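In the numbering used here, the protein residues as written are 81 to 430.
We treat Cβ as the ideally placed atom computed from N, Cα and C, and that holds for glycine.
A quick note: this is a predicted structure, and the numbers were derived from the prediction, not measured.
Quick notes on the structure that follows.
What follows is the structure, encoded as structure tokens:
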């Protein structure tokens, strides 16, 4: 009977169709309840009359009306289930959880207590994060000497101690997720409910960070926040079993990942923090210089073209006039650079 109920009153997202339960199943359930109560009352009347030896109890309009009122109150009003906004209800049958369907937000109608009940499960976006920053040990990239070469690492005196040129770093990460409506039954089937989902996500974050950090230097870790987020995203979406394609962790948990974010990466040493900040500042300065040179080169190209210089010669002339080593490197040889000077001269002469 439960299978027939699921086929008729549950939609493709495994949610009860509210209007059908309220206006179709509800009246049917109340009517069946009325017949049940009428039969019970008739049996009770016959028993009492037989015990007393007279017909003191008989059905009339009052007893029929009372029976109908009790049936409607118990099998309809007490069977109403109201689920809060941004929640779904997981039904229980005789106290045991059922995973055939869920109750959508708002009013639905199920079997009355004590036959059925429900527990509310939040489905709004949730953020799961590492409660404490994860500490990892990564290879420290040594500073370069004045000649541009890196110094030779010293011999490690004690093999039981951490290797030279290593540093401890702390990483904070979070995952923003929500329940996937199409996989709601998978979510409600997770042991521990929401706590079980968050536990699985934390384990994936820690494992992915640890595995990825083994292949990065300290500077790469400090400047590569997206690397860890991408690694976690990949681990969440890859197949858990090669024999079951398409069954990823997020699908097994019944959730959808909205965003994976590396919140913060900091070294445990203050001096290293200053060093990384200096490296990041240098990278930003170099990027700003490159952007400024590109902007200047674009303006010069437009100016040369307005003077009647061909597009190729205008580009070479712009390279020559910006005198930017990176931009000149795009041309690649002295012959082309000389053409750039000629182009600049031609542009200036016109």
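- C-alpha of residue 317 to C-alpha of residue 105: approximately 40 Å in a straight line.
- Here the alpha carbon of residue 218 sits roughly 37 Å from the alpha carbon of residue 204.
- For residue 345, the CB contacts under 7 Å within the same chain, skipping 5 residues up- and downstream, are 249, 251, 301, 302, 305 in chain order.
- For residue 206, the pairing in a beta bridge is given by DSSP as 257.
- Rounded to whole angstroms, the gap between the alpha carbons of residue 374 and residue 335 is 45 Å.
- Put simply, the backbone Cα of residue 262 is about 12 Å away from that of residue 332.
- By the criterion of a C-beta distance shorter than 7 Å, residue 96 is surrounded in its chain by 89, 90, 181, 183, 184, 188, once the five residues flanking it on both sides are discounted.
- Rounded to the nearest whole angstrom, the C-alpha separation of residue 329 and residue 110 is 43 Å.
- In terms of Cβ geometry, residue 168 and residue 186 do not form a close pair [threshold 8 Å].
- Counted as a single uninterrupted DSSP element, the stretch harbouring residue 329 is not any beta strand (DSSP E) but the alpha helix (DSSP H) occupying residues 329 to 333.
- Taking 8 Å as the cut-off, the beta carbon of residue 284 is found no closer than this to the beta carbon of residue 307.
- Runs of alpha helix (DSSP H) with 4 or more residues, each lying fully within the region 88 to 166, are found at 106 to 132, 141 to 152, listed in chain order.
- DSSP, read as helix, strand or coil, puts residue 326 in coil.
- Burial is judged here by how many other beta carbons sit within 10 angstroms of a residue's own beta carbon; residue 194 has fewer than 16 and is exposed.
- Here DSSP, grouped into helix, strand and coil, assigns residue 248 to strand.
- Among the bridge pairs identified by DSSP, residue 216 is matched with 249.
- Under the DSSP assignment, residue 276 falls outside any beta strand (DSSP E), being part of the alpha helix (DSSP H) whose first and last residues are 274 to 293.
- Remark: C-beta atoms of residue 148 and residue 114 approach each other more closely than 8 Å.
- Scanning 320, 319, 257, 199 for the CA closest to the CA of residue 208 turns up 257.
- One thing to note: residue 309 has its Cβ within 8 Å of the Cβ of residue 341.
- Secondary structure at residue 189: strand, using DSSP grouped into helix, strand and coil.
- In this structure, residue 255 and residue 296 do not form a Cβ contact; the two beta carbons are roughly 21 Å apart against a cut-off of 8 Å.
- The shortest C-alpha to C-alpha distance from residue 247 to any of 275, 369, 293, 323 is the one to 293.
- Residue pairing by DSSP leaves residue 194 without any beta bridge partner.
- Between residue 175 and the set 369, 192, 215, 196, the nearest pair of CA atoms involves 196.
- Beta-carbon to beta-carbon, residue 143 and residue 121 are separated by about 6 Å, close enough to satisfy the 8 Å threshold.
- CA-CA distance, residue 383 to residue 371, rounds to 19 Å.
- In the three-state reduction of the DSSP assignment, residue 301 falls in the helix class.
- When secondary structure is reduced to three states using DSSP, residue 176 falls in the strand class.
- Here residue 154 has 113, 192 as same chain residues with Cβ atoms under 7 Å from its own Cβ, once five neighbours each way along the sequence are excluded.
- DSSP lists 169 as the beta-bridge partner residues of residue 183.
- Cβ-Cβ separation between residue 171 and residue 201: approximately 11 Å, too far for a contact (criterion under 8 Å).
- The residues 170, in chain order, have a CB closer than 7 Å to that of residue 177 in the same chain once the five nearest residues on each side in sequence are set aside.
- Here residue 339 carries a strand assignment [DSSP, helix/strand/coil].
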